[in-house]
Structures are given as C-alpha cells and as structure tokens.
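This report refers to the structure that appears directly beneath it.
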Amino acid sequence: MKVVSTSPSFGMYSNEPIEYLNDHGIELVRISDGAPTSELFSELADADAVIVGYTEINQSLLEHSPNLKIVCKHGVGYDNIDLEATRRKSVWATNVPDGNKMAVADYVFGLFFSLARNIPQANTLTKDGEWPRIIGTEVYGKTLGVIGLGRIGKEVVRRAKGFDMNILAFEPYPDVAFAEENDVTFTELPELLIQSDFVTLHMPLNEQTKNLIGAEQLNIMKKTAYLINVSRGGMVDEDALYAGLSEKKIAGAAIDVFLKEPVTNHPLFTLPNFIATSHIAGYTYEAINNVGMTSVRNIVNVLVKGERPTQVVNQL
1 MKVVSTSPSF GMYSNEPIEY LNDHGIELVR ISDGAPTSEL FSELADADAV IVGYTEINQS
61 LLEHSPNLKI VCKHGVGYDN IDLEATRRKS VWATNVPDGN KMAVADYVFG LFFSLARNIP
121 QANTLTKDGE WPRIIGTEVY GKTLGVIGLG RIGKEVVRRA KGFDMNILAF EPYPDVAFAE
181 ENDVTFTELP ELLIQSDFVT LHMPLNEQTK NLIGAEQLNI MKKTAYLINV SRGGMVDEDA
241 LYAGLSEKKI AGAAIDVFLK EPVTNHPLFT LPNFIATSHI AGYTYEAINN VGMTSVRNIV
301 NVLVKGERPT QVVNQL
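Everything in the sequence shown is counted per our numbering, starting at 1 for the first residue and increasing by one.
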C-alpha cells in the first residue's frame, strides 16, 4: 500500500505519523506541493491514499489515481478538494478540524497583543538603537467580535473570558448552550462590526463568505478597531483593507492568510498598521503532530482495517 503526501509539514517535525504508517506496512512517498503535474500523476498512478496541504484535488487528478481510496487534508480548510468529484469516484475525503484549534486560538491572541501594543514596531525600533515610548491600548475588558463560532472560534472565546472581554458572535448555526455557558451574545454581522474593538474571522471560505469583509464592512467598524484573519484568504477584500487602513478607517489589521500564497510583495506590507504572517497560525509541534496522526489513523482505518474514517467531509 502506498501513500503520497504533498503537504509541506506532514511528518517534518515528528516521526510518529511516519512510523505509524511503517508499522502498518504502508509506503510513504513525498512530493513537493509545487512539483510538476507529470510527477504527481506518475506517483498517484498506484497510490491508495493522498495527504494534501494546498494541492488541488480535482477531477483530472482523480482520473490519474485509479487506486485512490482516501484523500486526507492535512489541516482544517478543504476548499482545495472537489468534494463532488471525490463522491463520484467513491473516494473518502477527510480533514482535521480539531488538530490545530489550540494553536490557532493562541495565535489570535498573539496578534491581538501585537496590534494593540505595537509590539513588532517596538521590537524593530529598539533593535535599531532607539528607545521608543509607544502608546498602545489594552485588550482587557474590550469587546470582541467572533465571526464563526466553530471549534476554533469557541477556543478564542474561552481565552477571551480570561481577559473579561464582552463577547459578540456571528454564527449561521448558533450553539445556544455554549453561548449561554460562556456569556456570548449572538448578533448579526453589521452590529458585531459596529460594536467590536477586536474582530476575528473563523469561517470556511465559500461563495457566501468570499469578501465577507470589504469596504462596506470596514466603513462601519470603529476607527479604533482591529481586524484579524487567520481563517482563509479571500474572506477579506485585500484591496478594500489596504484602502481602509491607509485612510485610518480602522486602527490596524493582522493577516495570516492571503488570497494568493505564498506572498512575497503586497501593497499591505507597506503599511505601519498592518501585520503580515505566513499562514503559520496552526504551526506548533503539538498541532502538526496531532494533524499528522489523525490523518494516518484515517488512512490505516480505510486501507488496513476496512473501516470508515473519521471527520469525513464528503459523505459517501
């Protein structure tokens, strides 16, 4: 049995997932995410499973993978997987929604503090020989708007309670019990944007959420508000954000995900009230190992044990 991995982080920081495959007699072949299509198709010709990061899983790829039984997204978002195509080919598609939720929620607060206290600027200026007195704002006691109250959004809420934040949430499928237990108030998106001091996005990218935050939304936010996106590039209109930050419509923004990645140059990078990071919110040793182990357990369940995998996203 053979597994092809195009994920750049699978098994890179812990051997446990690779050893698990070896223990069950499964060969692992790594391919760079940017490898030529011919190389990918060649390796997939006799592959039983594939682990993907950003590789597009589409009809063409599936046609070149006659033995494929399962596609595992090495992460949460699976918008790069054509679910209908996998259903037609009777190929399981899975993701790992819980594997990095703690890491991402921690990272969100790291960005809150970085924006509110201008930590990146203070670091740069101090190392340049200056001794700046930079005035920031506190996170404690502020109003937090959480757009998407799923697994990660809920972890952000749990952390926010420790800072005595007033918590608002926009969620199409509200978990009322969780909200009552954690003092979360559900509201519509415009009201959340109007009231919040910090806004963080935690929704999947689809036709309904594409450019969810654009010029109209930025215009109704507080001028002192901060926007964070560690969810998916494309949910924030980057041109509108550039204009909004340039015109001081909001105080600042931090983005870990971009419409096109990797990004080496972007107009947003020129702005002092913008923080950019390289899609690393979920990158901790613990999270990557958790995601890897969940992926390989699903592969073994299907290929070796003949069982249904967990966290199925295409429902065969």
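Just so it is clear, CB atoms sit at the ideal spot from N, CA and C, and this is done for glycine as well. Please read these numbers as outputs of a predicted model, since none were measured by experiment.
Item	Value
Going by DSSP, what residues sit across from residue 226 in a beta bridge?	198 and 252
Please confirm if the stretch 274–290 is in contact with the stretch 258–266, defined as three or more CB-CB distances below 8 Å between the two stretches.	yes
Can you tell me the Cβ-Cβ gap for residue 312 and residue 94, rounded? I've got them flagged as a contact below 8 Å.	6 Å
Sorted by chain position, which residues of the same chain lie with C-beta nearer than 6 Å to residue 201's C-beta, five sequence neighbours on each side aside?	147, 229, 231 and 235
Tell me, to the nearest whole angstrom, how far the beta carbon of residue 196 is from that of residue 233; I am working on the premise that it is less than 8 Å.	Incorrect: roughly 21 Å between the Cβ atoms, too far for contact.
Straight-line CA distance for residue 309 to residue 247?	49 Å
Run through the stretch 97–149 for me and flag every whole beta strand (DSSP E) of 3 or more residues, listed as ranges in chain order.	143–147
Can you tell me whether DSSP reads residue 281 as helix, strand or coil?	coil
So, is residue 290 buried or exposed, given that buried needs 16 or more other C-beta atoms within 10 angstroms?	buried
Three Cβ pairs or more, each shorter than 8 Å: is that satisfied between the stretch 55–70 and the stretch 36–46?	yes
Under 9 Å between the Cβ atoms of residue 91 and residue 69?	yes
What's the C-alpha gap between residue 208 and residue 191?	18 Å
Between which two residues does the beta strand (DSSP E) holding residue 51 run?	49–52
Between which two residues does the beta strand (DSSP E) containing residue 166 stretch?	166–170
Could you tell me the boundaries of the beta strand (DSSP E) in which residue 5 lies?	2–5
Checking 9 Å against the spacing of the C-beta atoms, do residue 210 and residue 249 come in under that value?	no
Is it a yes or a no for the stretch 5–13 touching the stretch 30–40, going by three-plus beta-carbon pairs under 8 Å?	yes
Tell me the start and end of each unbroken beta strand (DSSP E) in the stretch 27–51 that is at least 3 residues and wholly inside, in chain order.	27–30
Between the Cα of residue 107 and the Cα atoms of 300, 39, 303 and 283, which residue gives the shortest distance?	283
Is the stretch 156–166 touching the stretch 177–191 in the sense that three or more CB pairs, one from each, lie closer than 8 Å?	yes
So, for residue 193: in the same chain, excluding its five sequence neighbours on each side, which residues have a beta-carbon less than 7 Å away from its beta-carbon?	145, 199, 217, 220 and 221
Terminal residues of the continuous beta strand (DSSP E) containing residue 10?	That residue, residue 10, is in no beta strand (DSSP E); it is neither H nor E in DSSP.
In angstroms with no decimal places, state the Cα-to-Cα distance between residue 253 and residue 49.	39 Å
Is the beta carbon of residue 166 sitting closer than 9 Å to the one on residue 127?	no
Which first and last residues belong to the alpha helix (DSSP H) in which residue 157 is found?	151–161
Please list the terminal residues of the continuous beta strand (DSSP E) segment that includes residue 274.	274–276
Of the choices 89, 168 and 14, whose alpha-carbon is the least far from that of residue 184?	168
Would you kindly report the start and end of the unbroken beta strand (DSSP E) that includes residue 304?	Run containing residue 304: none; DSSP gives neither H nor E here.
Do you know offhand how far residue 139's Cα is from residue 225's?	11 Å
Measuring only the C-alpha atoms, how far is residue 56 from residue 89?	16 Å
Within its chain, find whatever has a CB closer than 7 Å to the CB of residue 54; leave out the 5 residues flanking it on each side and keep chain order.	33 and 80
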